[in-house]
Amino acid sequence: MERKNPGTDFRLDWFETIQVNTPAAERRAASLAARRSLKKEWQAAWLLNAVGCIDLTTLSGDDTPDRVARLCAKARQPVDAGQLAALGVDHLTTGAVCVYPTMVAAAKRALAGTAIPVASVATGFPAGLMPLDLRLAEIRYALDQGADEIDIVISRALVLRGEWAALYDEICDMREACGHARMKAILATGELKTLGNVAKASHVAMQAGADFIKTSTGKEPVNATLPVSLVMLRAIRDYRDQTGFAVGFKPAGGLKTARDALNWQVLMAEELGRDWLRPDLFRIGASSLLADIERQISHHVTGRYAGAHRLAAG
């Protein structure tokens, strides 16, 4: 897989003086979601686009190959074929399937013959509190199992101590271990204390070669929020202006409803433009979100909400 972001030398001057006005970020995020109202066929189109950007995810302690196979079947056919046909859509899959390293081989088998990539979390997910050599070994293991994308977690302590050069070096090591696989850097924003730290960690991750920056593991007390996402998107825009490279964005955790899917896409479109609303630059880390999108699509096509028993199991 071709890498989009080769990274840069460590440039502290690009972000050292960043300060974020938290109330202003919160107001801006709230106004974006409220200002644009999507109705009827426009809403359906944006919801289908969101489905194509979902990293359909299972990261549970009781995951099994059979559960992963069911998830992959859902990734192949995330929305009822009849409803897709009614909307004039021939084919739709999710953007990827995301699993633990030990489940990668099962996912690859279940997705054989498709173009759906398999993403694997690694580097001691979710806490990342393992020696670096073991975190790098886990990346290599996931790649050996067939992973196409690696979702790494950063060391939050380095952010909290302001050890930006050390964080850069660590992420560079992970980038090297990932080889040609796409690397998504999870910042675990709910544990970084301030929006200023979120902005700085975003810059470091991109300088170190992250192809995506991702909000959360989904395991923190607070996961993706619109203000945090706004700050990360502004960092992506700054990095593009400085380097010419487009880095992707992945909100994860906390997106539960079709309205959430619309709100985050509006935020992406307003801050980065419509070019970012495609799977190579935008992913949504979710499992339960898809069911609510299906219900809204069913209502648009048939005029009624489908019962839970009518929705394919994930």
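Numbering (our numbering), first residue to last: -14 to 299. Every residue, glycine too, gets a C-beta built ideally from N, C-alpha and C. Everything numeric in this text was worked out from a predicted model, so none of it was measured.
Inset, instruction - Only counting runs of 3 or more residues, tell me where the beta strand (DSSP E) segments fall wholly within the region 12 to 85, in order along the chain. - result: 39 to 42 and 81 to 84
Inset, instruction - Indicate whether L72 and A29 have their beta-carbon atoms separated by less than 9 Å. - result: yes
Legend entry - Test item: CB-CB of M217 and A195 under 9 Å: no
Inset, instruction - Run the CB neighbour count on R280, radius 10 Å, all protein chains shown included, and call it buried at 16 or more, exposed below. - result: buried
Inset, instruction - Grab me the residues of A54's own chain with a C-beta within less than 7 Å of its C-beta, minus the 5 sequence neighbours each way, in chain order. - result: A91 and A95
Inset, instruction - Pull up the distance between the alpha-carbon of W31 and that of Q250, whole angstroms please. - result: 8 Å
Inset, instruction - Go ahead and pull the three-state DSSP assignment for A231. - result: coil
Legend entry - C-beta atoms of A220 and F(-5) nearer than 9 Å: no
Inset, instruction - Spatial neighbours of P111 within its chain, please: CB distance less than 7 Å, with the 5 preceding and 5 following residues excluded, ordered by chain position. - result: V138, T202 and K204
Inset, instruction - Whole angstroms is fine: what's the gap from L211's alpha carbon to V183's? - result: 13 Å
Inset, instruction - Could you check if H294 is buried or exposed, using at least 16 other CB atoms within 10 Å of its CB as the buried criterion? - result: Low per-residue confidence applies at H294: pLDDT is 49, beneath 50, and the placement is therefore not dependable, though the value from the model is reported in the following sentence. By the neighbour-count rule (16 or more Cβ atoms within 10 Å), H294 is not buried but exposed.
Legend entry - K93 versus G131 - alpha carbon distance: 7 Å
Inset, instruction - Go ahead and pull the three-state DSSP assignment for R268. - result: coil
Legend entry - Three-state class that DSSP yields for M115 in the structure shown: coil
Legend entry - Rounded straight-line distance, which links the Cα of K185 to that of T200: 13 Å
Legend entry - Where the beta strand (DSSP E) through E134 begins and ends: E134 to V138
Inset, instruction - Out of K178, A15, A231 and D75, point me to the one whose CA is closest to I198's CA. - result: A231
Inset, instruction - Report the residue from L145, R160, W149 and A151 whose alpha carbon sits nearest the alpha carbon of T179. - result: L145
Inset, instruction - Let me know the secondary structure DSSP gives A297 once reduced to three states. - result: Caution is warranted here: a pLDDT of 49 is assigned to A297, below 50, making its placement in the model unreliable, and the coordinate value is therefore given only provisionally. The answer is coil: DSSP assigns A297 none of H, G, I, E or B.
Inset, instruction - With I198 as the anchor, note down where its beta strand (DSSP E) starts and where it stops. - result: F197 to K199
Legend entry - Touch test, the region 58 to 73 against the region 105 to 122, Cβ-Cβ under 8 Å, three pairs minimum: no
Inset, instruction - Count the other CB atoms, across all protein chains shown, that sit within 10 Å of the CB of A170; report buried if there are 16 or more and exposed otherwise. - result: buried
Inset, instruction - Leaving aside the five residues before and after W261 along the sequence, list all residues of the same chain whose C-beta is less than 8 Å from its C-beta, in chain order. - result: A231, G233, F234, M253, A254 and F267
Inset, instruction - Take the Cβ of R141 as the centre, count every other Cβ of all protein chains shown within 10 Å, and call the residue buried at 16 or more, exposed below. - result: buried
Legend entry - M168 - containing beta strand (DSSP E), residue span: R167 to I171
Legend entry - Selected residue, minimal CA-CA separation from G270, among D40, N34 and G175: D40
Inset, instruction - Out of E134, L121 and S16, state which residue places its alpha-carbon closest to the alpha-carbon of I101. - result: E134
Inset, instruction - Alpha carbon to alpha carbon, how far is K59 from V286? Give it in angstroms, no decimals. - result: 20 Å
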